[in-house]
Amino acid sequence: ANAKAAAAMSNTQAAAPAVVVPALEESLPGQVISAMFPAGKRVVNGVFTEDVDPSSVPDEVERERRRSLAATAKQNIDAAERERRQLIGQAGAICTVLYAGGLLAVGAGPAARATVFFPLALSVGFLESASSGL
Numbered sequence: 221a222n223a224k225a226a227a228a229m230s231n232t233q234a235a236a237p238a239v240v241v242p243a244l245e246e247s248l249p250g251q252v253i254s255a256m257f258p259a260g261k262r263v264v265n266g267v268f269t270e271d272v273d274p275s276s277v278p279d280e281v282e283r284e285r286r287r288s289l290a291a292t293a294k295q296n297i298d299a300a301e302r303e304r305r306q307l308i309g310q311a312g313a314i315c316t317v318l319y320a321g322g323l324l325a326v327g328a329g330p331a332a333r334a335t336v337f338f339p340l341a342l343s344v345g346f347l348e349s350a351s352s353g354l
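Note that my numbering gives residue 273 to position 53 of the sequence shown, counting from 1, and the numbers run on in steps of one.
Listed below in structure tokens is the structure:
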């Protein structure tokens, strides 16, 4: 009886239709990403873009090697951009501490002190991005 039940279950699982997943370029998210990050540009300091010098683009073999390493490490930004984000995050954290100290020094109310959250969150975001490579 158990063998018949297992065979019946495997038959129903095998009959399920295959799910067709469109290529990223064909999907709405892929189109948005392509519009926001066009070819020939790179992200700098987490939010800005700049043109890529064509002479700095490696050959296809090297690009494929880098893609493979990035996929394995689950990272999509290079070491130079990670260093920039680390510096931005550290500078933001220092400014946030100074801002919070200033608010406390002048006896700011709770609503004013709550505004520390926004620069703090931004600083932590840059630091986490630098740490994770994402």
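Think of the CB as a built atom: it goes at the ideal place given N, C-alpha and C, for glycine as much as any other residue. All of these numbers come straight from a predicted model, not from anything done at the bench.
Cβ-based burial, residue i [other Cβ within 10 Å; buried from 16]
i: F346; result: buried
i: A350; result: buried
i: S285; result: The sequence given here has Arg at residue 285, not Ser. With fewer than 16 other Cβ atoms within 10 Å, it is exposed.
i: I253; result: exposed
i: I308; result: buried
i: T316; result: buried
Residues sharing a beta bridge with residue i, DSSP
i: K261; result: D271
Unbroken alpha helix (DSSP H) run spanning residue i, endpoints
i: T335; result: Neither: T335 is in no alpha helix (DSSP H) and is coded neither H nor E.
i: A325; result: A299 to A325
i: Q251; result: L248 to M256
i: S288; result: E280 to A293
Cutoff 8 Å; reference residue i; Cβ partners in own chain excluding five residues on either side
i: E270; result: K261, R262 and V264
i: V272; result: G260, K261 and R262
i: F257; result: V263 and T269
Close-in-space but distant-in-sequence residues of the same chain around residue i (CB under 7 Å, 5 per side omitted)
i: G312; result: P339, L342, S343 and F346
Supposed contact pair residue j and residue i - C-beta distance, whole angstroms, cut 8 Å
i: Q295; j: L354; result: 6 Å
i: A320; j: V336; result: 5 Å
Cutoff 6 Å; reference residue i; Cβ partners in own chain excluding five residues on either side
i: V358; result: Limits of the chain in this structure are 221 at one end and 354 at the other, which puts residue 358 out of reach.
i: I297; result: G353
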